[in-house]
Structures are given as structure tokens and as C-alpha cells.
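S.K.: After the C-alpha cells below, expect a handful of questions from me.
In the working numbering, the protein residues as written are 263 to 385.
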């Protein structure tokens, strides 16, 4: 009985912290840009890093043979509570669950007033 309850609780927590995949369902030509903007978003010592505890937007792009691919990462606080303590984990979840899996080229992750969203554009 306890094992079943614990399993159900673990599944509930995992689904609450999962990324929601959005965007173009053709996938992404690369994950490199996603990791690059993640570092600038979450690492306070990175060049062009986001200001500490503030809403922020980062982007990067790469040129391919016939198109340019742009990635944007947006973080917002949705409940008026300061902090982006889950920046590293949240953005990794989006990349692994949505982008690297080939499902989509974007995704969102929201929890305790933190919001992270990847968007991608083809030009």
C-alpha cells in the first residue's frame, strides 16, 4: 500500500516538473544553441549573463545552408516571488524532453513562480 502511494506521489511530482513541449513539431537542426543560451541565462559569470534575480531574455542563431536558425530563451517571474533557483534544471528539462528528443523546437517549464520558455525561429 505504501509503495503504491509513494509511486503515485513520485509520478505526480515528476509530471509537475516536466517541460511542456511547444513550437514547431519538425524538431530542431541542433541543440548547441539551446545549451549556449542556457549558460548565458543561468551562469551569472558567463559573458553577457542575465542580471541576477531579474526577468531576462537571451538568444543565439546559426546559419545553415539554406536558412538561419534562431533560438530565444525567456525567463519570467509569474508570482512576484524573487528567484530563479531552478534555472539549470528547468532549461535542461526543456532541452532533453522536447528538443533533444526530436519532438519540437520549443518548450516551457513553470514552477513556483518561475517560468522558462524556449522559442525557435527559422529565417
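For every residue, glycine included, the Cβ atom is placed at its ideal position computed from N, Cα and C.
Nearest by alpha-carbon distance to residue 379: which of 340, 364, 324 and 313 is it?
M.R.: It is 340.
S.K.: Taking one C-beta from the segment 291-308 and one from the segment 369-377 each time, how about it: are there three or more such pairs within less than 8 Å?
M.R.: Using a Cβ-Cβ distance cut-off of 8 Å, the segment 291-308 and the segment 369-377 are not in contact, since fewer than three pairs of beta carbons, one from each stretch, lie closer than that value.
S.K.: Answer with buried or exposed for residue 326, where buried requires no fewer than 16 other C-beta atoms within 10 angstroms of its C-beta.
M.R.: exposed
S.K.: Quick check: the Cα distance between residue 364 and residue 314, rounded to an integer number of angstroms?
M.R.: 32 Å
S.K.: Enumerate in chain order the residues of its own chain whose CB-to-CB distance from residue 286 is below 6 Å, with the five nearest sequence positions on each side excluded.
M.R.: 367
S.K.: Below 8 Å on the Cβ atoms is my contact criterion, and I expect residue 333 with residue 385 to pass it. Report the Cβ-Cβ distance as a whole number of Å.
M.R.: Residue 333 to residue 385, Cβ: 12 Å. No contact.
S.K.: Going along the chain, which residues of its own chain have a beta-carbon closer than 7 Å to the beta-carbon of residue 291, five neighbours each way excluded?
M.R.: 326 and 331
S.K.: Excluding the five sequence neighbours on either side, which residues of its own chain have a C-beta within less than 6 Å of the C-beta of residue 343, listed in chain order?
M.R.: 375
S.K.: Please state whether DSSP places residue 296 in a helix, a strand or coil.
M.R.: helix
S.K.: Looking at the structure shown, is residue 308 part of a helix, part of a strand, or coil, going by DSSP?
M.R.: coil
S.K.: Among the candidates 383, 317, 370 and 348, whose CA atom is the shortest distance from the CA of residue 282?
M.R.: Of the candidates 383, 317, 370 and 348, the one whose C-alpha sits nearest the C-alpha of residue 282 is 370.
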